[in-house]
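Numbering (UniProt numbering), first residue to last: 1 to 403.
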C-alpha cells in the first residue's frame with residue numbers, strides 16, 4: 001500500500017502458523033528492494049512477520065511527510081496488534097531513522113502533532129520490545145544530501161542516476177533552502193527523539209562499521225554511549241571491513257546470531273511487560289472491588305438512631321381511643337398514668353442570667369390575671385384560633401392555663 005511519503009507492505013511468515021513477533025523495517029532509498037528482501041527473509045527464518053516501510057528520499061528533510069508516513073505505519077501496526085498482541089521490534093536502516101522512525105517515537109511518546117488515542121498508545125508501548133539500528137542513525141547535517149547522493153556506495157544502487165537528478169533539480173530550484181529552513185532545530189529534535197527512546201525499556205542492537213563513511217563510527221559510538229548512560233540495554237556490534245548497509249552480506253553468521261539474540265531478548269521483555277501490565281490492572285481491579293464492597297457495607301449496615309433524638313425504651317406513645325374523645329373520666333385517669341414522656345431539648349430559663357440578657361428583663365413568674373392580647377397570626381388567623389383549630393397530636397396535658 002502507498003502512504004504519504006513512502007510505501008508500506010506486510011510480509012507474512014508462511015512457514016509457521018504462529019509468528020513469534022513483528023519486525024517493522026524502516027528503509028530508505030539507500031536500501032533497494034532486493035537488498036531489503038534479504039532482511040525480510042532473515043526475520044522470517046527466525047519466525048517473525050515483517051511490516052516494511054520504505055520511505056521516500058525527501059522524507060528525511062520534510063518532518064511533515066515523515067510524520068504522515070509514521071502515523072500510517074502505527075495505524076497498520078495497531079490494527080494487527082488488536083487481533084493479537086505480539087512483541088514488536090523496530091529495525092532502522094540507514095536514513096530510515098530520520099525519514100520515519102524518529103516520528104514514530106514522537107507519536108508513541110505523545111510529543112508529536114499527530115496523536116493516537118490512549119488505548120492504542122498503551123498497546124504500542126506494551127508491545128515494543130526491541131530496537132535495531134543497522135548503519136544508523138545518520139547525522140543529517142546541512143550538506144548531507146549532496147554528500148549522500150555522490151557517495152560511491154549510493155551511486156552503485158539501482159536508480160542512483162534518478163536520485164542524483166532529483167537532488168540536482170532541488171538545488172537548482174532552491175528547494176534546498178525550503179528543506180533546510182530550521183534544519184538545525186529539526187536535527188536537535190531528531191536526536192532528542194532517538195535518545196529518549198530509552199524510556200520504552202526495550203533492548204538495542206546497533207550494527208556499524210568503522211569504514212562506513214555515511215554513518216561514521218564516532219557518531220554511532222557517541223549515540224551508544226548516550227543510551228548506556230541513560231540506562232539502556234545496548235548490544236554494540238562493529239566491524240572494520242563492511243560498507244554502508246552491507247554488514248549482513250559480509251558477516252552473515254555473526255549478524256544472524258546477534259539478531260537472533262536480540263529477538264529472544266525481545267520476547268522476554270514482552271513477557272515481562274505483559275505481566276507488569278496484568279499486575280497493574282489486577283491492582284486497580286482489586287481497589288475497585290474494595291471500594292464497591294465498602295459502599296455495599298455502608299448501604300447494608302443499619303443506621304443507629306441518635307440517642308438525643310430518640311425516645312427512651314420505657315416511653316410509649318398514647319393514642320386516644322373512642323372513650324377519650326367522649327370525655328370518659330376513667331380513660332382520662334388511665335391516660336394520665338401512661339402519658340408520654342418526651343425527651344425535650346435543653347431550654348433557656350427566662351429567669352436566669354442568660355434569660356435576662358436575651359429578653360432584656362426578668363419575666364414575671366406569676367402572670368395570672370393579666371389581660372394579654374395576641375396580635376400574632378398563623379396563616380391569617382389569630383394565634384388562639386389557629387391553636388384551637390390545629391390538629392391534635394394525641395397528647396393530653398394535665399395542666400391547664402387560666403389564660
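Glycine included, C-beta positions come from ideal geometry on N, C-alpha and C.
How many Å lie between residue i and residue j at the Cα?
{"i": "residue 242", "j": "residue 211", "result": "7 Å"}
{"i": "residue 140", "j": "residue 74", "result": "24 Å"}
{"i": "residue 8", "j": "residue 54", "result": "6 Å"}
{"i": "residue 101", "j": "residue 111", "result": "14 Å"}
{"i": "residue 116", "j": "residue 193", "result": "17 Å"}
{"i": "residue 136", "j": "residue 207", "result": "8 Å"}
{"i": "residue 41", "j": "residue 90", "result": "16 Å"}
{"i": "residue 24", "j": "residue 39", "result": "11 Å"}
{"i": "residue 119", "j": "residue 272", "result": "19 Å"}
{"i": "residue 127", "j": "residue 252", "result": "28 Å"}
{"i": "residue 113", "j": "residue 84", "result": "28 Å"}
{"i": "residue 248", "j": "residue 282", "result": "44 Å"}
{"i": "residue 99", "j": "residue 183", "result": "14 Å"}
{"i": "residue 65", "j": "residue 238", "result": "32 Å"}
{"i": "residue 266", "j": "residue 88", "result": "8 Å"}
{"i": "residue 82", "j": "residue 94", "result": "30 Å"}
{"i": "residue 224", "j": "residue 17", "result": "36 Å"}
{"i": "residue 32", "j": "residue 56", "result": "12 Å"}
{"i": "residue 258", "j": "residue 269", "result": "16 Å"}
{"i": "residue 92", "j": "residue 275", "result": "28 Å"}
{"i": "residue 58", "j": "residue 72", "result": "17 Å"}
{"i": "residue 244", "j": "residue 280", "result": "44 Å"}
{"i": "residue 304", "j": "residue 199", "result": "Low local confidence applies: a pLDDT of 48 at residue 304 is under 50, so the model's placement there is unreliable, and no value is given."}
{"i": "residue 37", "j": "residue 188", "result": "32 Å"}
{"i": "residue 217", "j": "residue 134", "result": "12 Å"}
{"i": "residue 29", "j": "residue 103", "result": "18 Å"}
{"i": "residue 408", "j": "residue 105", "result": "Any question about residue 408 goes unanswered here, given that the chain covers just 1 to 403."}
{"i": "residue 278", "j": "residue 215", "result": "41 Å"}
{"i": "residue 254", "j": "residue 35", "result": "18 Å"}
{"i": "residue 186", "j": "residue 109", "result": "17 Å"}
{"i": "residue 250", "j": "residue 222", "result": "24 Å"}
{"i": "residue 256", "j": "residue 67", "result": "31 Å"}
{"i": "residue 12", "j": "residue 229", "result": "37 Å"}
{"i": "residue 43", "j": "residue 86", "result": "14 Å"}
Ends of the alpha helix (DSSP H) at residue i?
{"i": "residue 37", "result": "33-45"}
{"i": "residue 92", "result": "Element bounds for residue 92: not the alpha helix (DSSP H) but the beta strand (DSSP E), 88-93."}
{"i": "residue 120", "result": "118-127"}
{"i": "residue 72", "result": "63-83"}
Looking at the secondary structure, which residues open and close the beta strand (DSSP E) in which residue i lies?
{"i": "residue 112", "result": "It is not in any beta strand (DSSP E) - residue 112 carries neither H nor E in the DSSP assignment."}
{"i": "residue 23", "result": "21-27"}
{"i": "residue 196", "result": "Segment 183-196 is the alpha helix (DSSP H) holding residue 196; no beta strand (DSSP E) there."}
{"i": "residue 53", "result": "48-55"}
{"i": "residue 12", "result": "Run containing residue 12: none; DSSP gives neither H nor E here."}
Considering only the alpha carbon of each residue, which of the options lies closest to residue i?
{"i": "residue 233", "options": "38, 130, 245", "result": "130"}
{"i": "residue 197", "options": "263, 68, 231, 221", "result": "231"}
{"i": "residue 201", "options": "185, 86, 227", "result": "227"}
{"i": "residue 264", "options": "6, 223, 10, 22", "result": "22"}
{"i": "residue 5", "options": "205, 63, 213, 17", "result": "63"}
{"i": "residue 261", "options": "132, 244, 190", "result": "132"}
{"i": "residue 204", "options": "188, 220, 236, 221", "result": "236"}
{"i": "residue 61", "options": "255, 51, 48, 97", "result": "97"}
{"i": "residue 195", "options": "216, 209, 215, 220", "result": "220"}
{"i": "residue 69", "options": "218, 49, 27, 20", "result": "27"}
{"i": "residue 190", "options": "10, 107, 36", "result": "107"}
{"i": "residue 20", "options": "254, 45, 59", "result": "45"}
{"i": "residue 10", "options": "48, 52, 47, 43", "result": "52"}
{"i": "residue 240", "options": "213, 34, 186, 43", "result": "213"}
{"i": "residue 47", "options": "255, 35, 14", "result": "14"}
{"i": "residue 138", "options": "209, 12, 86", "result": "209"}
Using beta carbons (cut-off 8 Å, strictly below), is residue i in contact with chain B?
{"i": "residue 190", "result": "No chain B is present in this structure, which holds just one protein chain."}
Which runs of the alpha helix (DSSP H) spanning at least 4 residues fall entirely within the stretch 201-247, listed in chain order? 217-229
Cβ contact check for the stretch 67-84 and the stretch 118-136: 3 or more pairs under 8 Å: yes
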